[in-house]
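Chains as they are written, first to last, in my numbering: chain U, 135 to 248; chain C, 84 to 199. The beta-carbon is built from N, C-alpha and C at its ideal position, and this holds for glycine as well.
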Amino acid sequence: KNQVEQSPQSLIILEGKNCTLQCNYTVSPFSNLRWYKQDTGRGPVSLTIMTFSENTKSNGRYTATLDADTKQSSLHITASQLSDSASYICVVSFPADSWGKLQFGAGTQVVVTP
Amino acid sequence: EAGVAQSPRYKIIEKRQSVAFWCNPISGHATLYWYQQILGQGPKLLIQFQNNGVVDDSQLPKDRFSAERLKGVDSTLKIQPAKLEDSAVYLCASSGRPGQAYNEQFFGPGTRLTVL
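The following block contains the structure:
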């Protein structure tokens, strides 16, 4: 069973609208939680990184939240643009003494339509 | 700063053939990773190098996959012989500081392998 579960698997939104992606994890303890954006045919690119003591982190129109008690994270996209069409992957990093090993979710495929 | 380079970008082979992928990490990055990403899934770590030594290859199918990192810089990943289930994108990533809380990994564009 994957230790990082994401929902929904995919979603379609209209340009200009907001959306929220969910991530539940069971990895414990962990060093930090990351959200990556992966455009089609490209490698993942980091959007946000949060330690277990941080509740929220923003990067432009992207805002990530973390609840370490419930082991849940969300990524909120505000005023979506066509360029936001991509897969968004939730990633949990194991503690520092494990050489920075990452556990990836399967991703949420977002399609923004005009 | 140049990013992680990978080649080729695409490769189509028949099952039982051999294939090799090449990765050039970001200059100065000590840690290099090879991931396998099957369509619709997140990347799965195959092997992790620290300089030219292996620190994790627990998920590498060693009967058919091999990897090396030459002089602690470039790396090659080889599959011999390939199976249909090896069809995937092979991602290379590198990071600069092992053991740090923010061990940022930078990914290359990947090599898309199709096995017929």
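Inset, instruction - May I have the straight-line CA-CA distance separating P142(U) from K154(C), to the nearest angstrom? - result: In the first sequence, the residue the question calls residue 142(U) occupies position 8. In the second sequence, the residue the question calls residue 154(C) occupies position 71. Taking the straight line from one Cα to the other gives about 43 Å.
Legend entry - Cβ-based neighbour list, D169(C), same chain, cut-off 7 Å, excluding 5 preceding and 5 following: Against the second sequence, residue 169(C) aligns to sequence position 86. If we look at D169(C) and ignore the five residues flanking it on each side, its Cβ neighbours are I162, L196, V198.
Legend entry - Chain-ordered residues of the segment 180-191 of chain U with a beta carbon less than 7 Å from chain C: S180, I183, T185
Legend entry - Straight-line gap, C106(C) to G191(C) (C-alpha atoms, nearest Å): Within the second sequence, residue 106(C) is the residue found at index 23, counting from 1. Within the second sequence, residue 191(C) is the residue found at index 108, counting from 1. Distance between the alpha carbons of C106(C) and G191(C): 8 Å.
Inset, instruction - Quick one: list the residues of chain C neighbouring F238(U), beta-carbon separation under 7 Å, in chain order. - result: Reading the first sequence from its first residue, position 104 is the one you call residue 238(U). Those within 7 Å of F238(U) in chain C are G125, P126.
Legend entry - Length of the line joining the Cα atoms of K98(C) and P126(C): Residue 98(C) sits at position 15 when you count from the first residue of the second sequence. Residue 126(C) sits at position 43 when you count from the first residue of the second sequence. Those two C-alpha atoms are separated by around 22 Å.
Inset, instruction - Since I believe L167(U) is in contact with S207(U) (beta carbons under 8 Å), could you give me their beta-carbon distance rounded to a whole number of angstroms? - result: What you label residue 207(U) is simply residue 73 of the first sequence in a count that begins at 1. What you label residue 167(U) is simply residue 33 of the first sequence in a count that begins at 1. With 8 Å as the limit, S207(U) and L167(U) qualify as a contact, their Cβ atoms being about 5 Å apart.
Legend entry - Touch test, the segment 186-200 of chain U against the segment 155-172 of chain U, Cβ-Cβ under 8 Å, three pairs minimum: yes
Legend entry - Own chain residues within Cβ distance below 7 Å of E187(C), not counting five before or after: Within the second sequence, residue 187(C) is the residue found at index 104, counting from 1. Answer for E187(C): S178, listed in chain order.
Legend entry - Nearest-angstrom beta carbon gap, L209(U) and A198(U) [assumed within contact, 8 Å]: By 1-based counting over the first sequence, the position of residue 198(U) is 64. By 1-based counting over the first sequence, the position of residue 209(U) is 75. Their Cβ separation, rounded to whole angstroms, is 5 Å, which keeps A198(U) and L209(U) in contact under 8 Å.
Legend entry - Min CB distance F104(C) to chain D below 8 Å: Among the chains of the structure shown, chain D does not appear; the protein chains present are U and C.
Inset, instruction - Assuming S217(U) contacts E149(U) (C-beta within less than 8 Å), just tell me the rounded distance between them. - result: For the purposes of this step, residue 217(U) is taken as the residue at position 83 of the first sequence. For the purposes of this step, residue 149(U) is taken as the residue at position 15 of the first sequence. Not quite, the Cβ-Cβ distance comes to about 10 Å (not below 8 Å), so this is no contact.
Legend entry - Beta-carbon proximity of T242(U) to K205(U), cut-off 8 Å: Position 108 of the first sequence, counting from 1, holds the residue named residue 242(U). Position 71 of the first sequence, counting from 1, holds the residue named residue 205(U). No; because the gap between Cβ atoms is not below 8 Å, this pair is not in contact.
Legend entry - Within-8 Å CB hit, D139(C) to chain U: Translated into the one-based positions of the second sequence, residue 139(C) becomes position 56. Yes, its Cβ sits closer than 8 Å to a Cβ of chain U.
Inset, instruction - Kindly indicate if chain C contains any beta-carbon less than 8 Å away from that of S327(U). - result: Because chain U spans 135 through 248 in this model, residue 327(U) falls outside it and cannot be assessed.
Inset, instruction - Under 9 Å between beta-carbons, which chain C residues line up against I223(U)? List them in chain order, please. - result: Residue 223(U) sits at position 89 when you count from the first residue of the first sequence. Neighbours of I223(U) on chain C, chain order: G125, P126.
Inset, instruction - Look at the alpha carbon of V156(C) and the alpha carbon of T182(U), and state the distance between them as a whole number of angstroms. - result: Here residue 156(C) is taken as the residue at index 73 of the second sequence, counted from 1. Here residue 182(U) is taken as the residue at index 48 of the first sequence, counted from 1. If you take the alpha carbons of V156(C) and T182(U), they lie about 27 Å apart.
Legend entry - Rounded separation between V179(U) and S149(C) - CA only: Position 45 of the first sequence, counted from the first residue, corresponds to residue 179(U). Position 66 of the second sequence, counted from the first residue, corresponds to residue 149(C). Near 26 Å, if we compare the C-alpha coordinates of S149(C) and V179(U).
Legend entry - Closer than 9 Å at the beta carbon, the chain U residues around F132(C): Taking the first residue of the second sequence as position 1, residue 132(C) is located at position 49. Those do not exist, as F132(C) stays about 10 Å from chain U at its closest Cβ, beyond 9 Å.
Inset, instruction - List the DSSP bridge partners of K191(U). - result: Looking up residue 191(U) in the first sequence gives position 57. Paired residues: A198(U).
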